[in-house]
Amino acid sequence: MLHAIDNGQPVPAERIAPFADSRALLRDPAALRARFAADGYLFLPGALPVDAVAAARAEVAARLFEVDELEAPPAAAIASGRSRRSAPGFDRGAFWESVSTGPRLRALSHGDALRTILGTVLGAEPIAHDFIFLRAAARGRATGIHYDHPFFGHATENVVTTWVPLGDVPLAEGPLFVVEGSNRFDDLIAAMRQLDIVKAPEKKAAYAMTAVEFARSRGTRLLTADFRAGDVLLLGMFTAHGAFDNVSPANRVRLSFDIRYQPAHEPRDGRYFGARPGGTTGAGYAELNGARPLLEAWHVR
Ligand SMILES: O=C(O)CCC(=O)C(=O)O
Numbered sequence: 000m001l002h003a004i005d006n007g008q009p010v011p012a013e014r015i016a017p018f019a020d021s022r023a024l025l026r027d028p029a030a031l032r033a034r035f036a037a038d039g040y041l042f043l044p045g046a047l048p049v050d051a052v053a054a055a056r057a058e059v060a061a062r063l064f065e066v067d068e069l070e071a072p073p074a075a076a077i078a079s080g081r082s083r084r085s086a087p088g089f090d091r092g093a094f095w096e097s098v099s100t101g102p103r104l105r106a107l108s109h110g111d112a113l114r115t116i117l118g119t120v121l122g123a124e125p126i127a128h129d130f131i132f133l134r135a136a137a138r139g140r141a142t143g144i145h146y147d148h149p150f151f152g153h154a155t156e157n158v159v160t161t162w163v164p165l166g167d168v169p170l171a172e173g174p175l176f177v178v179e180g181s182n183r184f185d186d187l188i189a190a191m192r193q194l195d196i197v198k199a200p201e202k203k204a205a206y207a208m209t210a211v212e213f214a215r216s217r218g219t220r221l222l223t224a225d226f227r228a229g230d231v232l233l234l235g236m237f238t239a240h241g242a243f244d245n246v247s248p249a250n251r252v253r254l255s256f257d258i259r260y261q262p263a264h265e266p267r268d269g270r271y272f273g274a275r276p277g278g279t280t281g282a283g284y285a286e287l288n289g290a291r292p293l294l295e296a297w298h299v300r
């Protein structure tokens, strides 16, 4: 039984199901790509070295501890309810950029293990965005349902979102979910192709419905997992997804990152590449939720 919370309510049993496990297909690239095309996602449990994940987690947690947002020991990621990031003059964008470019985090996000997986999935030499979305979701946080195309699919649609939990992320801590079959919701996908949230910022990429309402309206389910350190989830640009509520009784912060890979030879969206990428809006790392103190408001992106 999978128990997750959406918008303060338990997800009914008929609306939630586990991801298909595609790890064995890493040895069969054609079958792996066929599964990705069919399902719009690939769940690859245990595909990353856990020591590299633990090192990245420790690095990020140490930085949050430094601004007094976590209790000791930092790697337990228990929110303190305090923050030095609220102090006048604190440069939140610069801080988050420095956390997001930490060497251990980058060794994981841009390292051989992910490169090899993404090369297999793309069937081409892969390149990762330099801009990375590092998430620190405190209790009470969630991410609304959206497709990624309006953010990342403009230069090429052949872009793969790569979601990596930095440590175990059980269902109570609000992991990612995928809307089953949403890669075939042609009406929604056609609308997403028209939407550029930078050119039309009044249009939100996230749907107003709760995840359960959304799934019910389409007669489908929310697929997810009790994520373990070392797991990876890959999504296409036309796969609707979000994250459940973090309801951790221990006040544990959900740490994860998401990054996009694409074939190196295809056109690149300059907002996400380079030494100081501007990100979706041009504000750089200051635009991310992670740049705000843990207990401040959280909206999708
Ligand atoms: O981790 C989250 O809360 C959201 C991640 C997401 O939307 C993505 O990876 O595209």
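Position 195 of the sequence shown, counted from 1, bears residue number 194 in numbering that gives the first Met the number 0, the numbering being contiguous throughout. Here a beta-carbon is modelled for each residue, glycine too, at the ideal position from N, C-alpha and C.
Take residue i and list the residues in its own chain whose beta-carbon comes closer than 7 Å to its own, dropping the five residues that flank it on each side.
| i | result |
| --- | --- |
| H109 | A127 |
| T209 | D5, N6 |
| G152 | V158, M236 |
Give every residue of the same chain whose Cβ lies closer than 8 Å to the Cβ of residue i, excluding the five residues on either side of it in the sequence, and list them in chain order.
| i | result |
| --- | --- |
| R217 | V178, G180, S181, F184 |
| G45 | R22, R227, G229, D230 |
| A78 | E68, L69, E70, A137, R138, N250, R251, V252, L293, L294 |
Using a Cβ-Cβ cutoff of less than 6 Å, which residues in the same chain neighbour residue i once the five nearest sequence positions on both sides are dropped?
| i | result |
| --- | --- |
| R192 | none |
| P9 | none |
| A16 | R220, L222 |
| A301 | As shown, the chain starts at 0 and ends at 300. That puts residue 301 outside it, with no answer to give. |
What are the partner residues of residue i, as DSSP defines its beta bridges?
| i | result |
| --- | --- |
| Q193 | In the DSSP output, where bridge partners are listed per residue, Q193 has none listed. |
| R251 | I77 |
| G241 | F176 |
| A16 | L222 |
| H145 | H240 |
| L294 | DSSP lists no partner for L294. |
| Y260 | A127, V159 |
Quick one, which of the options has its alpha-carbon nearest residue i's?
| i | options | result |
| --- | --- | --- |
| G308 | D129, P11, V120 | This structure does not reach residue 308, given that the chain is present from 0 up to 300, and the question cannot be answered. |
| A136 | S21, P262, R14, A60 | A60 |
| G101 | V52, E13, L187 | V52 |
| I258 | A86, I196, K203, R134 | R134 |
| A75 | S82, R84, F64 | F64 |
| D244 | L113, V98, F176, F35 | F176 |
| A189 | K198, Y146, F213, R215 | Y146 |
Would you call the CB atoms of residue i and residue j closer than 7 Å?
| i | j | result |
| --- | --- | --- |
| P174 | F132 | no |
| E156 | R251 | no |
| L121 | P28 | no |
| L170 | F18 | no |
| L165 | S255 | yes |
| L234 | T119 | no |
| W162 | A290 | no |
| R83 | V66 | yes |
| I196 | P149 | yes |
| G92 | Y271 | no |
Does the distance between the C-beta of residue i and the nearest non-hydrogen atom of ligand 3 fall short of 6 Å?
| i | result |
| --- | --- |
| T160 | Only ligand 1 can be found as ligands here, which leaves ligand 3 out of the picture. |
Assuming residue i and residue j form a contact by the criterion Cβ under 8 Å, report the distance between their Cβ atoms to the nearest whole angstrom.
| i | j | result |
| --- | --- | --- |
| P11 | V211 | 7 Å |
| A141 | A242 | 6 Å |
| I367 | H240 | The structure shown does not extend to residue 367, since the chain spans only 0 to 300, so no value can be given for it. |
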